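Asks: Okay, handing you the structure first.
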Amino acid sequence: MDPFPMIRLTELRLPLGHDREALEQAIIERLGIAPDALEEVVVFRRGHDARRRGRVMLVYTVDCRVRDAGAVLAAHAGRANIAPTPDTRYRFCIDDGARIAAGPGYSRPVVIGAGPCGFMAALVLAQMGLRPIILERGKVVRERTVDTFALWRKSIFNPESNVQFGEGGAGTFSDGKLYSRVSDPRHYGRKVLEEFVRAGAPEEILYLSHPHVGTFRLVSMVEHIRAEIEALGGEYRFGAHVDELLVEQGADGARQVTGVRLHGGEVIAATHVILAIGHSARDTFASLHASGVEMVAKPFSIGVRIEHPQSVIDVARYGTRTPDPALGAADYSLSYQASNGRSVYSFCMCPGGTVVAATSEEGQVVTNGMSQYSRAERNANAGIVVGVSPEVDYPGGPLAGIAFQRHWERQAFLAGGGRYFAPAQTVGDFLAGRPSTSLGDVTPSYRPGVTPTDLATCLPDFAVAALREALPSFDRKLDGFSMKDAVMTGVETRTSSPLRIPRGADGQGVNTRGLYPAGEGAGYAGGILSAGIDGIRVAEAVALSLAGRPVDG
Ligand code: FAD
5 MDPFPMIRLT ELRLPLGHDR EALEQAIIER LGIAPDALEE VVVFRRGHDA RRRGRVMLVY
65 TVDCRVRDAG AVLAAHAGRA NIAPTPDTRY RFCIDDGARI AAGPGYSRPV VIGAGPCGFM
125 AALVLAQMGL RPIILERGKV VRERTVDTFA LWRKSIFNPE SNVQFGEGGA GTFSDGKLYS
185 RVSDPRHYGR KVLEEFVRAG APEEILYLSH PHVGTFRLVS MVEHIRAEIE ALGGEYRFGA
245 HVDELLVEQG ADGARQVTGV RLHGGEVIAA THVILAIGHS ARDTFASLHA SGVEMVAKPF
305 SIGVRIEHPQ SVIDVARYGT RTPDPALGAA DYSLSYQASN GRSVYSFCMC PGGTVVAATS
365 EEGQVVTNGM SQYSRAERNA NAGIVVGVSP EVDYPGGPLA GIAFQRHWER QAFLAGGGRY
425 FAPAQTVGDF LAGRPSTSLG DVTPSYRPGV TPTDLATCLP DFAVAALREA LPSFDRKLDG
485 FSMKDAVMTG VETRTSSPLR IPRGADGQGV NTRGLYPAGE GAGYAGGILS AGIDGIRVAE
545 AVALSLAGRP VDG
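Just so you know, we're using this note's numbering here: the sequence shown kicks off at 5 and counts up by one.
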């Protein structure tokens, strides 16, 4: 019997604090069925609607098993919020991977990068029996944690092991937000979340509309995923910094990948290479560009991290300093169109979290945010960033966006006074156009420390102007947002990749066969979940190619 004859109900709204019975009653009423006809209820999604402060409602999508499901569905035919539950189970695209991998001359697929794109690609390849090799420039996650904390606590920076580089990728020291707005018709996001739960994430990530796992859990999750990949015949190599992609001209004139060269000279032969290097592998981008891989500059954003007391955000959003546990610490999402044509928006908001030093290059300062699962720190933080584009701001070719980022990150380092201190300014001083010489009631969380100064020295003029307009507008939407003591630290430059490595419908680089550009660095993802989804996508493209079957788009 099909295990999915369930009915999905969307937009079921209930007040905070309701019990299970109230949810079941709402389902019974919506479906117009007898109470004993409701056999099973599974919450598929739970979000909330906080548009009316103080009257927050929980909003459910549920899957129900009911008696005579066919008749119930027929009675409600045409209603948008009652429909058969879609089948979101993941199915591998090939089932003969082990046979393929045992064949003569089999060339194991290589995955460069052990971030969410790389480890999900490797996991799916391993589950299909294809025994991938994962090359990661950084260290195993526990050792990487020590290096990352050395920057935050002692100003000691390691260019190969930091917030951006090492097992788990860029999002390991993060809030671990696990949602995305990417189109996902094949439900790969569900597969990513299910694998995360198997690796130790709380089950609630499967149904909360805005789930997060916090940084500590992420560390042990990536270890579990590595163990599974290795148990299935995959192989991890750490400290394996890919310096060069090896490419040959095929008989038909097309460029074909033949392998990679590691720092130190070792060559690893491969016909299928997944490039999941993230947005900060600037040396690798330069090397790929030099070897002729097609890439184009793309827009990203620049700005600052802003910090408020979490209680200010809770009151503004929910009307209380002690939000209901079902809601947790309040978040926000803000946007504004400035009169100079620039978009300004909040980015990677971390309730109850800390601002972190996130550089991957020596002598530069970059901010980002993270939090623990509990989101219990005193401050809320978010990037407040301004859009930049290659046409207007860095018209010098595919690598020009990197030069632009480096310039402002260096300015931030200098304005911070060295030792990786970040420049900081209160919102009051920033709006008044005067440097901060001290800070007020909001204690900045950035480590190793901050230097009160003028952030206008480490941001382009247009960004300063756009931010000065946006902050009062955000204050009208979220009371207290431009409070004078809110602290801004800079600079936020790694919102997304400064370039894109285009690929065709078969997943391969448009001018390089056998190269599968993927994840955030190649411009195909913007967050942990979307990077994982893209990892599955390219793993399938590789598997189908190894099996000699077409990719069906
Ligand atoms: P990455 O995660 O960047 O992984 C790339 C990997 O490739 C790295 O491990 C790197 O060491 C390796 N690598 C690079 N070059 C080479 C080379 N030449 N040879 C070998 N290995 C190489 N997203 C969210 O969705 N939610 C959040 O809460 C969140 N918070 C964040 C907080 C911080 C502090 C940061 C920095 C990012 C955050 N992000 C968050 C963004 C998220 O981390 C990224 O979108 C995601 O990690 C991208 O995945 P990826 O696999 O494409 O690349």
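Think of the CB as a built atom: it goes at the ideal place given N, C-alpha and C, for glycine as much as any other residue. Keep in mind it's a predicted model, so treat the numbers as computed, not measured.
Are there 16 or more other CB atoms within 10 angstroms of the CB of GLU43, so buried, or fewer, so exposed?
Replies: Locating residue 43 in the sequence shown gives position 39, where the first residue counts as 1. Under this definition GLU43 is an exposed residue.
Asks: Do ASN372 and ILE310 come within 9 Å of each other at the CB atom, strictly closer than that value?
Replies: The residue given as residue 310 occupies position 306 in the sequence shown. The residue given as residue 372 occupies position 368 in the sequence shown. Result no, Cβ atoms of ILE310 and ASN372 do not sit closer than 9 Å.
Asks: Using 9 Å as the threshold, is the C-beta distance between TYR528 and VAL546 below it?
Replies: Working through the sequence shown from its first residue, we reach residue 528 at position 524. Working through the sequence shown from its first residue, we reach residue 546 at position 542. Against a cut-off of 9 Å, the Cβ pair of VAL546 and TYR528 comes out as no contact.
Asks: If you count every other CB in all the chains shown that lies within 10 Å of the CB of THR447, and 16 or more means buried, which is it?
Replies: The residue you call residue 447 lines up with position 443 of the sequence shown. By the neighbour-count rule (16 or more Cβ atoms within 10 Å), THR447 is not buried but exposed.
Asks: According to DSSP, is VAL110 helix, strand or coil?
Replies: By one-based count along the sequence shown, residue 110 stands at place 106. Strictly speaking, residue 110 in this sequence is Tyr, with Val absent from that position. Coil at TYR110, not helix or strand.
Asks: From this set, GLU270, GLY117, GLY101 and ALA342, which residue's C-alpha is nearest GLY237's C-alpha?
Replies: For the purposes of this step, residue 237 is identified with residue 233 of the sequence shown, where counting begins at 1. Nearest of GLU270, GLY117, GLY101 and ALA342 to GLY237, Cα basis: GLY101.
Asks: Once DSSP output is grouped into helix, strand and coil, what is the label at VAL217?
Replies: As a working note, residue 217 is residue 213 in the sequence shown. Of the three classes helix, strand and coil, the one that applies to VAL217 here is coil, per DSSP.
Asks: When you measure from the CB of THR288 to every non-hydrogen atom of ligand 1, does any distance come out below 8 Å?
Replies: Working through the sequence shown from its first residue, we reach residue 288 at position 284. Checking the Cβ of THR288 against ligand 1 gives yes.
Asks: Considering only heavy atoms of ligand 1, does any lie closer than 8 Å to the CB of ILE505?
Replies: Here residue 505 refers to the residue found at position 501 of the sequence shown. ILE505: no, Cβ never under 8 Å from ligand 1.
Asks: Let me know if ALA301 comes out buried or exposed under the rule of 16 or more other beta-carbons within 10 Å of its beta-carbon.
Replies: Residue numbering aside, residue 301 sits at position 297 when the sequence shown is read from its first letter. Answer is buried; the Cβ neighbour count reaches 16.
Asks: Identify the continuous beta strand (DSSP E) that holds ASP67 and give its terminal residues.
Replies: Position 63 of the sequence shown holds residue 67. Here the beta strand (DSSP E) through ASP67 covers 61-70.
Asks: Between ALA81 and chain D, is the shortest Cβ-Cβ distance under 9 Å, so that the two count as touching?
Replies: Absence of chain D from the displayed structure is noted, only one protein chain being present.
Asks: Is the segment 139-154 in contact with the segment 547-556, if contact means three or more CB pairs nearer than 8 Å?
Replies: Verdict: no, contact absent.
Asks: Exposed or buried, which one is TYR240 when buried takes at least 16 other CB atoms within 10 Å?
Replies: As a first step, residue 240 must be located in the sequence shown, where it is residue number 236. Under this definition TYR240 is a buried residue.
Asks: For ligand 3, any of its heavy atoms closer than 8 Å to the Cβ of GLN168?
Replies: Questions concerning ligand 3 fall outside what the structure shown contains, since the ligands it does hold are ligand 1.
Asks: Less than 9 Å separating the beta-carbons of LEU77 and ILE11?
Replies: Here the question's residue 77 lines up with position 73 in the sequence shown. Here the question's residue 11 lines up with position 7 in the sequence shown. Yes, the pair counts as a contact, with Cβ atoms nearer than the cut-off.
Asks: How would you call TYR450, buried or exposed, if buried means at least 16 neighbouring beta carbons within 10 angstroms?
Replies: Here residue 450 refers to the residue found at position 446 when the sequence shown is read from its first residue. Buried, because 16 or more other Cβ atoms sit within 10 Å of the Cβ of TYR450.
Asks: Under three-state DSSP, which class holds THR441?
Replies: By one-based count along the sequence shown, residue 441 stands at place 437. Reduced to three states, the DSSP call for THR441 is coil.
Asks: Under a Cβ-count criterion, where at least 16 other Cβ atoms within 10 Å of its own Cβ denotes burial, should ASP179 be classed as buried or exposed?
Replies: As a working note, residue 179 is residue 175 in the sequence shown. The residue in question, ASP179, is buried, as its Cβ has 16 or more Cβ neighbours within 10 Å.
Asks: With hydrogens ignored, establish whether the beta-carbon of PHE417 is closer than 8 Å to any heavy atom of ligand 1.
Replies: One-based indexing of the sequence shown puts residue 417 at position 413. No.
Asks: Measuring alpha carbon to alpha carbon, tell me which residue in ARG286, HIS411 and ALA490 is nearest SER315.
Replies: Translated into positions along the sequence shown, residue 315 becomes position 311. With distances taken between Cα atoms, SER315 lies closest to ALA490.
Asks: Please list, in chain order, all residues of the same chain as ASP247 whose beta carbon is under 7 Å from its beta carbon, the five residues on each side excluded.
Replies: What you label residue 247 is simply residue 243 of the sequence shown in a count that begins at 1. Closer than 7 Å at Cβ, skipping near neighbours: ARG265, LEU266, HIS267 and SER291.
Asks: Take GLU147 as the anchor and find which of PHE289, ASN162, GLY421 and GLY420 has the nearest alpha-carbon.
Replies: Along the sequence shown, one-based indexing puts residue 147 at 143. Among PHE289, ASN162, GLY421 and GLY420, the Cα nearest to that of GLU147 is on ASN162.
Asks: Per DSSP, what are the beta-bridge partners of GLY373 in this structure?
Replies: For this step, residue 373 is matched to residue 369 along the sequence shown. According to DSSP, which records beta bridges pairwise, GLY373 is partnered with VAL359.
Asks: Indicate the three-state DSSP secondary structure (helix, strand or coil) for ASP1 in the structure shown.
Replies: Because residue 1 is not part of the residues shown, which for the chain are 5 to 557, the question remains open.
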